[in-house]
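Worksheet: the structure to be examined is printed underneath.
Number of protein chains: 4
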Amino acid sequence: MKKKEEVRKTQIMKAAYNAVSELGYDNVTLQHIADNAGVSKGVVHYYFNSKQNILLELLESITNQIYRYELEAIDKHQTAIEKLKAYLDAVFISPQKNRKFYSVYLDFLAQANGNEDYKRINMNFYENCWGIGKEIIELGKKEGVFRQESDTLTNAKMMRALIDGSLIQWLTCNEEELHQFYKDSCINSILNLLQYSKE
Amino acid sequence: MKKKEEVRKTQIMKAAYNAVSELGYDNVTLQHIADNAGVSKGVVHYYFNSKQNILLELLESITNQIYRYELEAIDKHQTAIEKLKAYLDAVFISPQKNRKFYSVYLDFLAQANGNEDYKRINMNFYENCWGIGKEIIELGKKEGVFRQESDTLTNAKMMRALIDGSLIQWLTCNEEELHQFYKDSCINSILNLLQYSKE
Amino acid sequence: MKKKEEVRKTQIMKAAYNAVSELGYDNVTLQHIADNAGVSKGVVHYYFNSKQNILLELLESITNQIYRYELEAIDKHQTAIEKLKAYLDAVFISPQKNRKFYSVYLDFLAQANGNEDYKRINMNFYENCWGIGKEIIELGKKEGVFRQESDTLTNAKMMRALIDGSLIQWLTCNEEELHQFYKDSCINSILNLLQYSKE
Amino acid sequence: MKKKEEVRKTQIMKAAYNAVSELGYDNVTLQHIADNAGVSKGVVHYYFNSKQNILLELLESITNQIYRYELEAIDKHQTAIEKLKAYLDAVFISPQKNRKFYSVYLDFLAQANGNEDYKRINMNFYENCWGIGKEIIELGKKEGVFRQESDTLTNAKMMRALIDGSLIQWLTCNEEELHQFYKDSCINSILNLLQYSKE
DNA sequence: CATGAATGAGGGTTCATTCAT
DNA sequence: CATGAATGAACCCTCATTCAT
Chain A
1 MKKKEEVRKT QIMKAAYNAV SELGYDNVTL QHIADNAGVS KGVVHYYFNS KQNILLELLE
61 SITNQIYRYE LEAIDKHQTA IEKLKAYLDA VFISPQKNRK FYSVYLDFLA QANGNEDYKR
121 INMNFYENCW GIGKEIIELG KKEGVFRQES DTLTNAKMMR ALIDGSLIQW LTCNEEELHQ
181 FYKDSCINSI LNLLQYSKE
Chain B
200 MKKKEEVRKT QIMKAAYNAV SELGYDNVTL QHIADNAGVS KGVVHYYFNS KQNILLELLE
260 SITNQIYRYE LEAIDKHQTA IEKLKAYLDA VFISPQKNRK FYSVYLDFLA QANGNEDYKR
320 INMNFYENCW GIGKEIIELG KKEGVFRQES DTLTNAKMMR ALIDGSLIQW LTCNEEELHQ
380 FYKDSCINSI LNLLQYSKE
Chain C
399 MKKKEEVRKT QIMKAAYNAV SELGYDNVTL QHIADNAGVS KGVVHYYFNS KQNILLELLE
459 SITNQIYRYE LEAIDKHQTA IEKLKAYLDA VFISPQKNRK FYSVYLDFLA QANGNEDYKR
519 INMNFYENCW GIGKEIIELG KKEGVFRQES DTLTNAKMMR ALIDGSLIQW LTCNEEELHQ
579 FYKDSCINSI LNLLQYSKE
Chain D
598 MKKKEEVRKT QIMKAAYNAV SELGYDNVTL QHIADNAGVS KGVVHYYFNS KQNILLELLE
658 SITNQIYRYE LEAIDKHQTA IEKLKAYLDA VFISPQKNRK FYSVYLDFLA QANGNEDYKR
718 INMNFYENCW GIGKEIIELG KKEGVFRQES DTLTNAKMMR ALIDGSLIQW LTCNEEELHQ
778 FYKDSCINSI LNLLQYSKE
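Note that the protein sequences, when read in sequence, are chains A, B, C and D. When the letters of the first sequence are read in order and numbered with this note's numbering, they come out as residues 1 to 199. When the letters of the second sequence are read in order and numbered with this note's numbering, they come out as residues 200 to 398. When the letters of the third sequence are read in order and numbered with this note's numbering, they come out as residues 399 to 597. When the letters of the fourth sequence are read in order and numbered with this note's numbering, they come out as residues 598 to 796.
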């Protein structure tokens, strides 16, 4: 693939991300995406062949970007607790970015029930996220700061469930200022889940 | 409202629930709903004025039904722990019913970002759910089985986040047999969240 | 099928016939057909489900109509020669009608190469036409006016080849007044093909 | 015109012939033609200015080639009967080549009704074909093997009608092995048309 | 000369909504 | 009340044509 093609695809992908986040999955049209990218409708087809393809690549692209960002974040720290906090900082990045990502991601989750391609891509994202969770929990166990008897993978899944559930709740509650609240609550709950009793 | 009208609306509502759960929010047409209800397309319009209205009432109807069912479940028990288990039993009612409800509910959550009416209805559902959570947690604190220092509403919100996050995760993982796993994990995690350390 | 539906389909079919004869197979749009029928574009889909269906039914309809007309024509006469002339009268019905039918029919023949449905319908038309030819030739043999030694089906096929070839030639030559010439030449040639030498 | 240009145009013309014979007149795109020729879309436009032009030149080219081939064929023989058989051998050259040529030619005939350029080119082809017929028939008359009283041009036209009608019929009947049957039947019918009675 | 990226008009099709019966 | 025929706007997609590189 040539460089120009790469640039164009990225440009259109970003436009699609903007368009879906603004209009929602089923209201988005190729025209919207094209307008957002500042190109003609034909160009979008030229590079992606179909609307379905754009959306597939969009889901793959944004979940991979999120994952890589989270991965980088935890790699910068050494201890389990620090990594956990860095992870949550990465996840709860900012109200604006969370709103954008989760509104689009929620659309895809809804579509996934009935679309095996979306399911597969999301499954991959889940496994990546669980992987981060496992890494942190295992380290914490080794360090002796997390309980030994709990199942690592199970807790990793619960961690992600809590995170997704929290951000979806936050998104729907429509109050920007609750972002910090959900972030703090999430961290506390996860620590409760994993740590020895602090008493 | 006459009795016949009531009957008709209920019939159409059920048809809409079936149709949306089978086809997904954006693939559903009035024709599908009408077919599923065994009536003509005109009837659907006659009683609901617009497709949007059907879907609005559908969201309201199913969230209220779920809430009432959960409320009844916890009312049958006396202690916090029993109520909590009854609540989770009601929430994780069965793979079939969870699949149906959560696939439709997820569609609505996705739509809610950009539709104030959906947001309002879902907000109401959230508050109802938090109410249940609060009731259980407060009772548990009174009984002395749950930690006193934690914030009740916050924990109620985290409970619901964990539940929704778990069922969404389960839905997308596409493995029916994980239903029990997510239910058990959810209960354990919530207990961890609320109880004194068991050591 | 209700009467009204029948009427509508006929109306649209006629409009499609007009539109294809005027614009040609690949230039015809649903809008043209709808305009010609005086209805909206949606109606055409309502009754035929797809453009392809309209055209399939059109081919079937016009070939069947032509066949029935030809059949009626020869049934009104008793002798082979009279039947043959009636057949040719029916085939060379008028410049206007021949132009219309053959321009549309030629379009379908061209499409048939690569469309099994069209092929099947045309094959049926061919067999009907050969049937007429066979009936006339067999009668002529019985009457003793046509040569005995020739193969009936082969001659029936050649008769139709001559007719189609003539009308296609006439159509392309673009001179209305040659219609009579081709009709006469066709009759003479067919008689030459079938009869004993007149010397 | 430079040599390179000539080569390029021939190359594209052949590609167009292949493409139209495979895909049909209305399904062919410039991309198909370009792909088939192993060049870019731009080249096709550069040498022909428009798609319409390619097709025009294609019709002219293939009809001229067929005509020259038929002409050469009859020039190799001396007597009318021999020339006639050579002509039919040239026309019914092979199932493969006939299928290719007639499927494309039929497409053009269908288009001709409404396109004066195609009509003109085909008219020229007709006149060339009639010329061959006339040459053969006149020779036969001179030789005394064909009937004197018949009109030469008329019979030449009927000959061509029979040939075209036969090959179109053969094409649509979709049975390769009938090729020989139609060839034989055509020769016999033409001889019947032209010769003195054999009794 | 040659490429293929870009355009945008126009196609078939879907479907919520309307309304005559 | 109930039906479903009719409408037409809006969608995705195709492709001849143009033109910068």
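Beta carbons are placed, not taken as given, at the ideal position from N, Cα and C, and that holds for glycine.
query, result
"Bridge-paired residues (DSSP) for Q195 of chain A", "A:F146"
"Residues in the stretch 363 to 376 of chain B having any Cβ partner in chain A nearer than 8 Å", "D363, G364, S365, I367, Q368, L370, T371, C372 and N373"
"Spatial neighbours of V351 of chain B in its chain, beta-carbon cut-off 7 Å, leaving aside the 5 residues before and after", "Rather than Val, the amino acid found at residue 351 of chain B in this sequence is Thr. Answer for T351 of chain B: K333, I336 and E337, listed in chain order."
"Helix, strand or coil at G422 of chain C [DSSP, three-state]", "coil"
"Min CB distance A709 of chain D to chain C below 8 Å", "yes"
"Chain C contacts made by the stretch 744 to 756 of chain D, where a contact means CB separation under 7 Å", "T751, K754 and M755"
"Continuous alpha helix (DSSP H) stretch holding V91 of chain A: start and end", "A80 to V91"
"First through last residue of the alpha helix (DSSP H) which encompasses T371 of chain B", "T351 to C372"
"Nearest candidate by alpha-carbon position, reference R120 of chain A, set A:L194, A:V28, A:K3 and A:L59", "A:L59"
"Where E70 of chain A falls, given that 16 or more other Cβ within 10 Å makes a residue buried", "buried"
"Buried versus exposed, by CB contacts within 10 Å (16 or more), A218 of chain B", "buried"
"CA-to-CA distance, S647 of chain D to A478 of chain C, given in whole angstroms", "54 Å"
"Whole-Å CB distance - L428 of chain C paired with K412 of chain C, under 8 Å assumed", "In fact, because the Cβ distance is near 15 Å, the residues do not count as touching under 8 Å."
"C-beta neighbour in chain B for D117 of chain A, strict 8 Å", "no"
"Chain D contact for S448 of chain C (CB, 8 Å cutoff)", "no"
"A709 of chain D vs T570 of chain C beta-carbon contact at 8 Å", "yes"
"Proximity below 8 Å, CB of V44 of chain A to CB of I66 of chain A", "no"
"Burial state of E597 of chain C, where buried means 16 or more other Cβ atoms lie within 10 Å", "For E597 of chain C, the predicted structure reports a pLDDT of 42, less than 50, and the residue's modelled location is therefore unreliable. A value from the coordinates is still provided. Exposed, because fewer than 16 other Cβ atoms sit within 10 Å of the Cβ of E597 of chain C."
"Closer than 8 Å to chain B by CB, A16 of chain A", "no"
"Among D:N650, D:Y699 and D:R757, nearest to D821 of chain D - alpha-carbon criterion", "Coverage of chain D is limited to positions 598 through 796, which leaves residue 821 of chain D absent and any answer about it impossible."
"Other residues of its chain near V91 of chain A: CB distance less than 7 Å, five sequence neighbours each side excluded", "E70 and I163"
"N661 of chain D, enclosing alpha helix (DSSP H) - first and last residue", "K648 to D672"
"Cβ-based neighbour list, N36 of chain A, same chain, cut-off 7 Å, excluding 5 preceding and 5 following", "A15, N18 and A19"
"E619 of chain D versus S782 of chain D - alpha carbon distance", "28 Å"
"Pair within 8 Å by beta-carbon distance, A508 of chain C and A707 of chain D", "yes"
"Per-residue contacts from A34 of chain A into chain B (C-beta, under 8 Å)", "Simply none; closest approach about 21 Å."
"Bounding residues of the alpha helix (DSSP H) (the contiguous stretch that carries G436 of chain C)", "Segment: none, G436 of chain C is in no alpha helix (DSSP H) and carries neither H nor E."
"Through-space distance from N661 of chain D to L807 of chain D, alpha-carbon basis", "This structure cannot settle anything about residue 807 of chain D, because the visible part of chain D is limited to 598 through 796."
"Rounded straight-line distance, which links the Cα of S587 of chain C to that of M556 of chain C", "11 Å"
"Rounded Cβ spacing between H32 of chain A and N98 of chain A (contact assumed at less than 8 Å)", "Not a contact, Cβ separation roughly 22 Å."
"Chain A within 8 Å of N321 of chain B, Cβ atoms only", "yes"
"Beta carbon proximity, L361 of chain B to chain A, threshold 8 Å", "yes"
"Euclidean distance between Cα positions of N526 of chain C and Y47 of chain A", "51 Å"
"Amino acids of chain C, ordered along the chain, whose beta-carbon sits closer than 9 Å to that of L661 of chain D", "Correcting the residue identity first, residue 661 of chain D is Asn in this sequence and not Leu. What N661 of chain D touches in chain C: nothing, since even the nearest Cβ is about 17 Å away."
"Partner residues on chain C for G741 of chain D, Cβ-Cβ distance less than 9 Å", "By Cβ distance, chain C contributes nothing, its closest Cβ being about 14 Å from G741 of chain D, past 9 Å."
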